Amino acid sequence: MKLLPTEDLHGLLSKPAKLVPSTSPRSRPASRRGGRETARLNELKVLKAVAQFGHLRISELGRAVWPQARYAEQLARRTATRLVASGLVLERRNALGSRSLCLTRGGAAWLELRGVEAQHTLDLSSVAGSTFFHRTLATRYLIERQVEGAQVVGEYQLLRRKAPFSVDAVVRAMRKLPDGMVWQRRATGPMDVELVEQEAAAKARQELEKCLRAAELVGRPLDPEGRYRVGGLVFVYDRELNHARRILLAAASLWGDRSYAERAMLERRVKLVAVELRDPLVWVSSSAVTLHDLRQKGI
Numbered sequence: 019m020k021l022l023p024t025e026d027l028h029g030l031l032s033k034p035a036k037l038v039p040s041t042s043p044r045s046r047p048a049s050r051r052g053g054r055e056t057a058r059l060n061e062l063k064v065l066k067a068v069a070q071f072g073h074l075r076i077s078e079l080g081r082a083v084w085p086q087a088r089y090a091e092q093l094a095r096r097t098a099t100r101l102v103a104s105g106l107v108l109e110r111r112n113a114l115g116s117r118s119l120c121l122t123r124g125g126a127a128w129l130e131l132r133g134v135e136a137q138h139t140l141d142l143s144s145v146a147g148s149t150f151f152h153r154t155l156a157t158r159y160l161i162e163r164q165v166e167g168a169q170v171v172g173e174y175q176l177l178r179r180k181a182p183f184s185v186d187a188v189v190r191a192m193r194k195l196p197d198g199m200v201w202q203r204r205a206t207g208p209m210d211v212e213l214v215e216q217e218a219a220a221k222a223r224q225e226l227e228k229c230l231r232a233a234e235l236v237g238r239p240l241d242p243e244g245r246y247r248v249g250g251l252v253f254v255y256d257r258e259l260n261h262a263r264r265i266l267l268a269a270a271s272l273w274g275d276r277s278y279a280e281r282a283m284l285e286r287r288v289k290l291v292a293v294e295l296r297d298p299l300v301w302v303s304s305s306a307v308t309l310h311d312l313r314q315k316g317i
């Protein structure tokens, strides 16, 4: 039997080295928000949404706060139930016979304590009045744009002059207050603000012409610094109603004596958003087209 030299057995006979624990910092597990903290955050989001638009149904609230959730309305209803029980929001019967949520004085004070400017919305006539359909459809359109990343202000905030720019020049030119305004944030350059008009009942031609004059204001600054300017006009309406044709006729009356190029330019500044609805005032889908493209189709 052949014996190995002692030096060859050194590694086999020696004791194994002790393992030294690694000094590299151990990654901490990501902290997860607790149930109570999540509930408080949801309540804050709901109260801010109601304060922003004045009053909301559960369907609009779910879309505004949980746009990606599969069960958004269930989340909205569960959160709203807690807030009603706390006295921070109030359910009011609306013009459709269902319920809309309004901000109470306690809810407004709760938001103020957290740095959110707010006031109660208990006295809004648009909840049970004849303008409920008009206001609710405009609100839903603004929420859809907000979900896409746009900045929006609705009629409720415009009436209280809560926009980051003055709307008085637009009101003087159009002789009416828009139903909403939409714009995209930019790091540099002016932001183009779209004026939103919601069409419910059929307007007289002269009233539509007042709205269409907003297209003539495109490029006009809305603030002294020139950060905001008029960017266009959007009509939103139930596609089952014949508003598109009435708007086309009003545009022909208003701009019919302009050159083709000028008329086409003005018509491209006007966007028509036809909304598919089902009862009771449920938003299904929408499609958009410029007034110029619509006229080219011969509608």
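Residue 19 is where the sequence shown starts when you use my numbering, and the numbers rise one by one after that. Using N, Cα and C, we set each Cβ at its ideal position, and we do this for glycine too. No experiment lies behind these values; they were computed from the predicted model shown.
The C-alpha of Val-252 lies about 18 Å from the C-alpha of Gln-224. Within a 10 Å sphere around the beta-carbon of Tyr-89 sit fewer than 16 other beta-carbons, which makes this residue exposed. Under DSSP, Thr-56 forms no beta bridge with any residue. Of the candidates Ala-126, Lys-180 and Arg-110, the residue whose Cα lies closest to the Cα of Ala-146 is Arg-110. It is roughly 30 Å from the alpha-carbon of Tyr-278 to the alpha-carbon of Glu-258. It is roughly 13 Å from the alpha-carbon of Glu-166 to the alpha-carbon of Val-83. For the set Glu-227, Arg-179, Leu-129 and Glu-162, the Cα lying nearest the Cα of Ser-305 is the one of Glu-162. In terms of Cα proximity to Ala-268, the closest of Glu-91, Cys-229, Leu-108 and Arg-247 is Cys-229.
A contact is defined here as three or more CB-CB pairs under 8 Å, and the region 114-125 meets this definition with respect to the region 141-155. Taken in chain order, the whole alpha helix (DSSP H) runs of length 4 or more contained in the region 215-274 are 223-230 and 261-273. Met-192 is positioned such that its CB atom lies no closer than 8 Å to that of Val-171. One Cα belongs to His-152, the other to Ala-113, and the distance between them is close to 11 Å. DSSP, reduced to helix, strand and coil, places Val-307 within a strand of the structure shown. In terms of Cβ geometry, Glu-91 and Gly-80 form a close pair [threshold 8 Å]. Per DSSP, reduced to three states, the secondary structure at His-138 is coil, with no helix or strand assignment. Assigned with DSSP and collapsed to three states, Arg-110 falls in strand. Leu-119 is bridged by DSSP to Leu-74 and Glu-109. Looking at the DSSP output, Arg-276 bridges to nothing.
Apart from sequence neighbours up to five positions away, the residues of its chain that approach Ala-67 with a beta-carbon distance below 7 Å are Leu-74, Leu-79, Ala-82 and Val-83, ordered along the chain.
Taking C-beta separations shorter than 8 Å and ignoring five residues to either side along the sequence, the partners of His-138 in its chain run Cys-120, Leu-121, Thr-122, Arg-123, Gly-125 and Ala-126, following chain order. Contact between Glu-217 and Val-254 holds: their C-beta atoms lie close to 7 Å from each other, under 8 Å.
Bridge pairing for Leu-213: Met-199 and Leu-251 [DSSP]. For Gln-169, the enclosing beta strand (DSSP E) has its first and last residue at 169-172. DSSP places Arg-158 inside the alpha helix (DSSP H), whose first and last residues are 150-165.
Residue nearest to Gln-169 within the set Gln-202, Phe-150, Thr-149 and Leu-140 is Gln-202 (criterion: CA-CA distance).
Remark: C-beta atoms of Pro-196 and Glu-215 approach each other more closely than 8 Å.
DSSP, reduced to helix, strand and coil, places Val-185 outside both helices and strands of the structure shown, so it counts as coil. When only Cα atoms are considered, Leu-284 and Ile-265 end up about 13 Å apart. Counting along the chain, Leu-299 sits inside no alpha helix (DSSP H), nor does DSSP assign it H or E at all. Non-local C-beta neighbours of Ser-303 in its own chain, meaning closer than 8 Å and more than five positions away in sequence, comprise Val-293 and Glu-294, ordered along the chain.
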